[in-house]
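Protein chains in written order, with my numbering: chain A, 19 to 468; chain B, 483 to 531.
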């Protein structure tokens, strides 16, 4: 299976099943169009009407060579089916330290941090039980991960501090490596917190949407009023304290800022280099939700952003845009690409009371309770259901060129759209494919200057 | 490097099927996104050592 596309006059060909990426000229583009459909003589005759015969022969020889090498028209390595390995390993937890928030973001999928329930903070005891559960459930896996999430997790700072100390102690005893990440809106970042995060080498994901007006429209304080000024200042101060290491600044774009490349540019202008700006998760009836009508504009916007990223890289002042970040030489192995994000099997979320859910986006949904950190996984059907949702079982994925990059996409997004994790949201698929095409284009463009 | 085709990468995914899948890599949604995971941009823990 091939995927051919053109961005900014660059012709790119992805050989889907090998992962090989090629830049081709117009002649080769035409050769590939008919290579599998027309016999050699017919193909030569057809193309000789438009190109010199010698050139056509050369292009065909190059294609033949790559087919032989398994880098064009390579077969599906799994033959179209996949059985996930049976195991009960959980290696990553998202701990909801606080179902409460000090902002009132209009697009919050967590219902202003409360996930449809009452406000609440996770106790140290529950958090420790979660870490015990993680250690006991991670089997032979050496690397385990914990993300502190909310609501706003820094509303529960003392518990966060206690859990990092406890997690490190457990990891040392079990000969594991534990990685902590904090996802925060930045409002409570102060010197003490910054020192703690830096001392423990914690990764941080900091929420800032971009231009002041864009950020303030969607991320106001509960009493109204924009949060940009104070939060951008706190984020910059904090990142300076850690020499801009080990972070992402993460923004959300909505129907109100489909020109989000300007927000990326704004963030870069603040000195930020690790940037992720992502499409809003929203019910379609919300005025800020992304809809089909936005697709052509968003496609142009991603291409514009790709060229901005390229220009900056060429100028020696690169930014790392998370969704354009693909490693074509290494990257994840095929089993990882098949298993997807791991939600509901290897990765679970924990609510403040210790309830276990497939991921943070399912928290608060009664039918997705999987057990709790004290009694472990009680619902045995849900882990199997999530592990079984992969590119060969999700609707439309097996035939999709993007399958080994997106791995079937977000289960929560699919469920919100169709009621089942097995039927992805086509709008989400379109956005994913745009981003991937830009990421591949950037690889091709960068390779061309080396 | 061909005259008509410039191949950017020659790594074939099917060589990463057998003997892999150690599961030591980062969980996709933990790194930045939380809403729009892209498995393809994750890093292999084995390769990065």
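We put the beta carbon where it would ideally sit given N, CA and C, even for glycine.
For residue i, three-class secondary structure by DSSP
{"i": "residue 367/A", "result": "strand"}
{"i": "residue 112/A", "result": "strand"}
{"i": "residue 170/A", "result": "coil"}
{"i": "residue 296/A", "result": "strand"}
{"i": "residue 239/A", "result": "coil"}
{"i": "residue 493/B", "result": "coil"}
{"i": "residue 198/A", "result": "strand"}
{"i": "residue 52/A", "result": "helix"}
{"i": "residue 333/A", "result": "coil"}
{"i": "residue 423/A", "result": "helix"}
{"i": "residue 36/A", "result": "coil"}
{"i": "residue 43/A", "result": "coil"}
{"i": "residue 378/A", "result": "helix"}
{"i": "residue 57/A", "result": "coil"}
{"i": "residue 470/A", "result": "No statement about residue 470/A is possible, as the shown extent of chain A runs from 19 to 468 and does not include it."}
{"i": "residue 192/A", "result": "helix"}
{"i": "residue 406/A", "result": "coil"}
{"i": "residue 221/A", "result": "strand"}
{"i": "residue 231/A", "result": "helix"}
{"i": "residue 355/A", "result": "helix"}
{"i": "residue 216/A", "result": "helix"}
{"i": "residue 466/A", "result": "helix"}
{"i": "residue 531/B", "result": "At residue 531/B, the pLDDT of 48 sits below 50, so the modelled position is not reliable; the number obtained from the coordinates is stated separately. Of the three classes helix, strand and coil, the one that applies to residue 531/B here is coil, per DSSP."}
Spatial distance of residue i from residue j (CA atoms)
{"i": "residue 489/B", "j": "residue 495/B", "result": "15 Å"}
{"i": "residue 69/A", "j": "residue 367/A", "result": "58 Å"}
{"i": "residue 200/A", "j": "residue 377/A", "result": "16 Å"}
{"i": "residue 472/A", "j": "residue 438/A", "result": "Look at the range of chain A in this structure, 19 to 468, and you will see that residue 472/A is not part of it."}
{"i": "residue 257/A", "j": "residue 313/A", "result": "34 Å"}
{"i": "residue 95/A", "j": "residue 451/A", "result": "22 Å"}
{"i": "residue 151/A", "j": "residue 277/A", "result": "44 Å"}
{"i": "residue 364/A", "j": "residue 110/A", "result": "6 Å"}
{"i": "residue 164/A", "j": "residue 181/A", "result": "10 Å"}
{"i": "residue 288/A", "j": "residue 168/A", "result": "26 Å"}
{"i": "residue 134/A", "j": "residue 382/A", "result": "6 Å"}
{"i": "residue 353/A", "j": "residue 415/A", "result": "16 Å"}
{"i": "residue 58/A", "j": "residue 21/A", "result": "22 Å"}
{"i": "residue 403/A", "j": "residue 359/A", "result": "14 Å"}
Contact belief for residue i with residue j at Cβ below 8 Å, rounded distance in angstroms
{"i": "residue 78/A", "j": "residue 49/A", "result": "6 Å"}
{"i": "residue 440/A", "j": "residue 413/A", "result": "6 Å"}
{"i": "residue 216/A", "j": "residue 170/A", "result": "That belief does not hold up - the Cβ atoms of residue 216/A and residue 170/A are roughly 20 Å apart, past 8 Å."}
{"i": "residue 295/A", "j": "residue 315/A", "result": "Residue 295/A to residue 315/A, Cβ: 15 Å. No contact."}
{"i": "residue 236/A", "j": "residue 125/A", "result": "6 Å"}
{"i": "residue 112/A", "j": "residue 131/A", "result": "Residue 112/A to residue 131/A, Cβ: 14 Å. No contact."}
{"i": "residue 391/A", "j": "residue 372/A", "result": "4 Å"}
Amino acids of chain B, ordered along the chain, whose beta-carbon sits closer than 7 Å to that of residue i
{"i": "residue 215/A", "result": "Near residue 215/A there are no residues of chain B at all, since even the closest Cβ is about 16 Å away, more than 7 Å."}
{"i": "residue 160/A", "result": "506"}
{"i": "residue 345/A", "result": "525"}
Neighbouring residues, chain B, relative to residue i (Cβ below 9 Å)
{"i": "residue 101/A", "result": "The premise fails here: residue 101/A is roughly 13 Å from chain B at the closest Cβ pair, so nothing lies under 9 Å."}
{"i": "residue 41/A", "result": "487, 488, 489, 490"}
{"i": "residue 126/A", "result": "Residues of chain B passing the Cβ test: none, with the nearest at roughly 11 Å."}
Proximal residues of chain B, C-beta to C-beta of residue i below 8 Å
{"i": "residue 45/A", "result": "486"}
{"i": "residue 107/A", "result": "505"}
> What residue ranges within the segment 242-308 of chain A form continuous alpha helix (DSSP H) runs of no fewer than 4 residues, ordered along the chain?
Replying inline: 246-259, 279-287
>> So within the segment 124-187 of chain A, which uninterrupted alpha helix (DSSP H) runs reach at least 4 residues, ignoring any that extend past its ends?
In response: 142-155
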